[in-house]
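Residue numbers for the sequence shown follow numbering that gives the first Met the number 0, beginning at 0 and rising by one. By construction, the Cβ of each residue, glycine as well, lies at the ideal position given by its N, Cα and C atoms.
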Amino acid sequence: MRWRLRVLGTLILLLVVALAAYRLMAEGLPTEIVLNASENGGQIEIQKGQTLVVTLQSSPGTGYGWQVVELDEDILRQTGDPEFVSDSDLVGASGIQVTRFEAMGTGEVALKLVYYRSWEKDTEPLRIFACRVIVR
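Here it is as structure tokens:
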């Protein structure tokens, strides 16, 4: 009887230690990884469940905006609509467009955004942001 209690106690202790170690490892990962224009053309590794935040300069008052044009949503999915953070209180001021993506599955995905006017169908985008995202 005592032998069984010792084995059971040891197993419970090991489980508690394993859960504590997992919690510490999970807390070490930031929930959001932020990219900006300096990461254009680069590669980033993130973990499944993390949020990738792309912040790019934008001037919506001129009609321009960033639009996602290439993305495998089984791996990386855009969450919500892009947000705009103005540089000033002036109407038409430029600022930062913030687009969020959640890592849904493991693998590699090309992420591509273009900066263009949505009504100008046959023109090249003014700017392109592209990077390779590896989700582990």
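Quiz item: Since L51 is in the beta strand (DSSP E), which residue starts that stretch and which ends it?
Solution: T50 to S57
Practice problem: Look at the alpha carbon of V97 and the alpha carbon of G41, and state the distance between them as a whole number of angstroms. | Solution: 18 Å
Quiz item: In three-state DSSP terms, what is T122?
Solution: coil
Quiz prompt | Cross-strand partners of V90 (DSSP beta bridge) | solution = Answer is none; V90 lacks a bridge partner.
Exercise. Tell me, please, whether the stretch 93-113 touches the stretch 52-66 by the rule of three or more beta-carbon pairs shorter than 8 Å.
Key: yes
Exercise. Rounded to whole angstroms, what's the CA-CA distance from V134 to K47? Just pull it up for me.
Key: 6 Å
Quiz prompt | Cβ-heavy atom distance, D80 to the ligand GTP, below 8 Å | solution = Only the bare structure without any ligand can be found here, which leaves the ligand GTP out of the picture.
Quiz item: Is E31 closer than 9 Å to L51 when the C-beta atoms are compared?
Solution: yes
Exercise. Answer with buried or exposed for V16, where buried requires no fewer than 16 other C-beta atoms within 10 angstroms of its C-beta.
Key: With a pLDDT of 38 at V16, under the threshold of 50, the modelled position of this residue cannot be trusted; read the value that follows with caution. By the 10 Å Cβ count, V16 comes out exposed.
Self-check item: CA nearest to the CA of S143, picked from I95, G104 and P29
Solution: The structure shown does not extend to residue 143, since the chain spans only 0 to 135, so no value can be given for it.
Exercise. Can you tell me which of V108, A92 and L89 puts its alpha carbon nearest to the alpha carbon of Q77?
Key: V108
Practice problem: Tell me, please, which residues DSSP counts as bridged to S85. | Solution: G94
Quiz item: Using the beta-carbon count (16 or more within 10 Å), is A36 buried or exposed?
Solution: exposed
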